[in-house]
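To keep things clear, I will list the structure first and then write my remarks on it.
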Amino acid sequence: MRVVVGIDDTDSHGGGCTTYVGYVLAKEIIRRWGPQAFRDFPRLVRLNPNVPFKTRGNAAVALDLDVPGGDVEEVWRLVLDVVGQHARWEGKTYPGVAMAMGDVPERARILYRMALTQLVSVNAADRAGVRTWGGRGRVGAVAAVGAVFPKSTFELLAYRDGERLPIPPRLVKTMEALTFPFTFHNLDRGRVLIEPRGPDPVYYGIRGLTPHHLIYALRLMEMWGFRPSGWVIYRTNQATDAHLELGVFFEEPHPYSFYHTRGIVTEARRIKARHLMGRLDNGVTFIVYRHLGKLASELERCVGCDVVLYGGLKPRRGGLYLYVERAYILGRYVRAKARCPYCGGALESLGRGKGWACRRCGTMLHTAEARWLYDVSIRTALLPRPGERRHLLKPPEVDPALPNFFAPRDVEWIG
Ligand SMILES: [Zn+2]
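Residue numbers (this note's numbering): 94 to 508.
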């Protein structure tokens, strides 16, 4: 019988903890029902990172299983058991579990699309037609059960028991040279991105387009002495723009939701900590964090630009601010000096209120109107620098449109 299980843990360390619970659970399921119990790779489901009680990770995990009909209750008990042992009940976040038996209900599918971009209530999760348990994490758990990935990438997560050895950038560079673009987001200039900074059990996480390249990268890391205590490959919606392609975008701005808007930049200035604050002619106020690099510096120089901004809306000082995560500059309105309507020559002012004279043909004019030109030469797309990109955002070097033919039976995916 088909059973889809979803888990959303505390996620206080960027998702590492949730994937570890998923790993422990996957191991136990294989021990009891064998690897054929897995209909697909375990799924790492990234959701709206703008929700307030989440770190930038916002991750949930789902396992798509095939178990003997009578064992469904055993699966449920096992999940609660593993989550109970490993979950961290801290702060405002707490674990949630969900399970669908047979076909995944349509309402759970819709909940996934909502949870990619919006703040979803626990109530809505409980009404999605799947069994739930736990706290606020029920939302992520149900969304993970309902997740469908028309495009996907993979992430290999390697865990450790003891101390974490720092991974030298030159080794990561070598690994990348041998596998890019089939692995990506390994480095941002000299900074190693595969090693999380938090104290979670993740040793390293390597993102890629195929499970085979991730296994190869793992073998390299092991050869260089970075041997994990265990590892697992997740299929994920990371780097696929799932939030833009599947998520629900409302025309009206809502707090903690993804939003996009088009307007003309009327103001842009640095505020405290050198973050950029600006305004569009449609009334939207936006913020670009300083460390997003070019995204901030280009928009700073862009008053008069016609732009499309994407980001998350957060309440601040009684208003809603758009925290930009990507921008498209479509063009810029530039004021061009008036010319003589007869010969095209330059005009000279005869003094305030006295009109204009053409320098070339001498024609006198009472009024001379400046024209607005639309300059498209600066048309460009702006993304944060690699280390600052959030999980769902598709980097330009990645093409997750690769055929989705990889199946867990074709490749080693857990160790
Ligand atoms: Zn003239």
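Where is the CB? At the ideal position from N, CA and C, for every residue including glycine. Keep in mind that this is a model prediction, so the values were computed, not measured.
Secondary structure at Tyr-116: helix, using DSSP grouped into helix, strand and coil.
When the Cα atoms are used, Asp-334 and Leu-485 turn out to be separated by approximately 5 Å. The Cβ atoms of Thr-210 and Phe-342 lie closer than 8 Å to each other.
Between Tyr-349 and Thr-378, the C-beta gap is not smaller than 8 Å, which leaves the two residues out of contact.
The straight-line gap separating the alpha-carbon atoms of Ala-130 and Ile-326 is approximately 16 Å.
Shown here for Val-235: same chain residues with a beta carbon closer than 7 Å to its own, the five before and five after excluded, namely Gly-99, Ala-191, Ala-201, Leu-204, Ala-218, Ala-221, Val-223, Thr-225 in chain order. The C-alpha of Lys-407 lies about 22 Å from the C-alpha of Glu-338. With a minimum length of 3 residues, the unbroken runs of beta strand (DSSP E) contained wholly in the segment 185 to 239 fall at 189 to 194, 224 to 227. Looking from the CA of Leu-475, the closest CA among Pro-488, Val-144, Ala-439, Arg-170 belongs to Pro-488. When only Cα atoms are considered, Asp-492 and Cys-433 end up about 52 Å apart. Using a Cβ distance threshold of 8 Å, Gly-189 and Asp-133 do not count as a contacting pair. Gly-162 carries a helical assignment under DSSP once its states are collapsed to helix, strand and coil. Rounded to the nearest whole angstrom, the C-alpha separation of His-347 and Pro-161 is 44 Å.
The segment 167 to 179 makes contact with the segment 109 to 128; the number of CB pairs closer than 8 Å reaches 3 or more. Partner residues in the beta bridge of Asp-399, as assigned by DSSP, are Ile-357, Gly-424. In this structure, the C-beta of Gly-448 stays at least 7 Å away from each heavy atom of ligand 1.
Taking C-beta atoms under 8 Å as the contact rule, Ala-155 and Val-97 qualify, at a distance of about 6 Å. Cα atoms of Leu-173 and Ala-119: separation of roughly 13 Å, rounded to the nearest angstrom.
If you ignore the 5 residues before and after His-305, its C-beta comes within less than 7 Å of the C-beta of Val-504, all in its own chain and listed in chain order. The C-beta distance from Gly-356 to Asn-375 rounds to 4 Å, short enough to fall under 8 Å. Counting only residues of its own chain and dropping the five nearest sequence neighbours on each side, Cys-436 has a CB closer than 8 Å to the CB of Cys-451, Arg-453, Cys-454, Thr-456. For ligand 1, a non-hydrogen atom lies closer than 7 Å to the CB of Gly-438.
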